[in-house]
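Residue numbers (the working numbering): 37 to 340. Where a beta carbon is used, it is the ideal one built from N, C-alpha and C, also for glycine.
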Amino acid sequence: MRRKIFWNVLAMVCLSLTAGPAGAGTPGTLKWVGWGWNTSPALGAGGTIYVGLTKYLLAVKPDGTTKWGFTTGDSVYSSPALGADGTIYVGSNDNKLYAVNPDGTQKWAFTTGSVVRSSPALGADGTIYVGSADGKLYAVNSDGTQKWAFPMGGYVQSSPALGADGTIYVGSYDGKLYAVNPDGTQKWAFPTGGYVYSSPALGADGTIYVGSADGKLYAVKPDGTQKWAFTTGGRVESSPALGADGTIYVGSRDDHLYAVYGDSPGLANSPWPMFQHDVRHTGRAGYIPPNTNMAPINSLLLSD
37 MRRKIFWNVL AMVCLSLTAG PAGAGTPGTL KWVGWGWNTS PALGAGGTIY VGLTKYLLAV
97 KPDGTTKWGF TTGDSVYSSP ALGADGTIYV GSNDNKLYAV NPDGTQKWAF TTGSVVRSSP
157 ALGADGTIYV GSADGKLYAV NSDGTQKWAF PMGGYVQSSP ALGADGTIYV GSYDGKLYAV
217 NPDGTQKWAF PTGGYVYSSP ALGADGTIYV GSADGKLYAV KPDGTQKWAF TTGGRVESSP
277 ALGADGTIYV GSRDDHLYAV YGDSPGLANS PWPMFQHDVR HTGRAGYIPP NTNMAPINSL
337 LLSD
């Protein structure tokens, strides 16, 4: 997802998620500051931060110094995803999805038909799912070969979410939320009243939450029918977050953050239930945040 986020804010928020007990620093004070990034960071098990900057994927140490930089062929607006083996996956405006080794060398590059600003989602079997501006959702094997491509009716900048049964949920600029079967066939398509830039979030009861440019937050049942819709005062391009008590949090272009009553007790226990994987937005496959209802999807542990 394209997000212009200044690192002086993210450093304080995101690094606190990996640091553990506070040391000499005072909570709420600056730890360090970097440049302005194009993407949301992904957080490695050892504290390394992975983030896109112009045409680079950067690995940043917890102290704010650069570990390495990997050069793509164009700007990076896709947020990285971290595989269980430490591989970093990221899209670029050069039409490619890159797989980068933990040491910063290229593992492979998969070419789509247009820019890749969607952020990858990783399946339990290692499959990488990502959208492209060519209007397709791609499933890519862990060796960089294509598994399948599902055509949609518009640009795909929404990042996929994966259900416990393997269903892939993703939005498109044609105004629809799609549910795609693990074999690449369509399960259903739910029409909204505007383009879907928002990435879906999956509730523990199977409900899919997604925003639309028509100004609404939608709750969609697993069968593709509408459960309810909440109207805001502007386009909903942000991706919903779910609280353990069922509350759904989402931002709108009307300059408001909304907390909406829901009935799903937290996130789905699935390989990738929301943008950047989990409530801490680590972007890390297999990571189980403390004090959540998520259970391990597999026994693999991420190396940094």
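Counterpart residues of alanine 120 in DSSP-defined beta bridges: The partner list for alanine 120 (beta bridge, DSSP) is empty, contrary to what the question assumes.
Taking C-beta to C-beta, are tyrosine 245 and tyrosine 209 nearer than 8 Å? no
Can you say whether proline 187 is buried or exposed, counting buried as having 16 or more other CB atoms within 10 angstroms of its CB? exposed
Can you give the Cα-Cα distance for threonine 181 and isoleucine 204, rounded to whole angstroms? 19 Å
Ignore the nearest five residues each way along the sequence and tell me which others in threonine 283's own chain have a CB closer than 8 Å to its CB. Ala295, Val296, Tyr297, Gly298
Taking glycine 159 and tyrosine 165 to be in contact with their CB atoms under 8 Å, please state how far apart those CB atoms are, rounded to whole angstroms. 7 Å
Straight-line gap, tyrosine 134 to threonine 84 (C-alpha atoms, nearest Å): 18 Å
For serine 234, which option in Asn129, Gly247, Asp241 has the closest C-alpha, if you only look at C-alpha atoms? Gly247
CA nearest to the CA of threonine 228, picked from Thr243, Ala249, Pro156: Ala249
Can you name, in chain order, every residue of its own chain whose Cβ lies under 7 Å from the Cβ of glycine 59, other than the five neighbours on each side? In this prediction, glycine 59 scores a pLDDT of 49, lower than 50, which makes its location untrustworthy; the coordinate-derived value is nonetheless stated afterwards. Excluding residues within five positions, none has a Cβ falling inside 7 Å.
Per DSSP, what kind of secondary structure is tryptophan 68 in: helix, strand or coil? coil
Please report the distance separating the alpha-carbon of proline 307 from that of serine 114. 19 Å
Can you say whether lysine 132 is buried or exposed, counting buried as having 16 or more other CB atoms within 10 angstroms of its CB? buried
Looking at the unbroken beta strand (DSSP E) that takes in isoleucine 284, where does it start and where does it end? 284 to 287
I believe lysine 212 touches glycine 189 by the beta-carbon criterion, under 8 Å. Please report the beta-carbon distance rounded to the nearest angstrom. 7 Å
Report all residues from its chain with a CB closer than 6 Å to the CB of serine 155; omit the five preceding and five following residues, and keep chain order. Met37, Ser114, Ser115, Ser195
I need the boundaries of the beta strand (DSSP E) containing valine 246, first residue and last residue. 244 to 247
Could you tell me whether the stretch 256 to 267 touches the stretch 314 to 325, where touching means 3 or more Cβ pairs closer than 8 Å? no
Nearest-angstrom Cα distance between glycine 88 and glycine 119? 17 Å
Quick check on DSSP: helix, strand or coil for phenylalanine 226? strand
If the criterion is Cβ atoms closer than 8 Å, does the pair alanine 237 and leucine 293 meet it? no
According to DSSP, which residues form a beta bridge with valine 216? Ile204, Gln222
If you draw a straight line from the alpha carbon of lysine 97 to that of asparagine 177, how long is it in whole angstroms? 29 Å
Quick check for students: name the residue ranges of the beta strand (DSSP E) that lie wholly in the stretch 127 to 182, counting only runs of 3 or more. 132 to 136, 142 to 147, 164 to 167, 172 to 176
Cβ neighbour criterion (16 or more within 10 Å) applied to aspartate 314: buried
Closest to serine 168 by CA distance: which of Gly162, Ala157, Arg153 is it? Arg153
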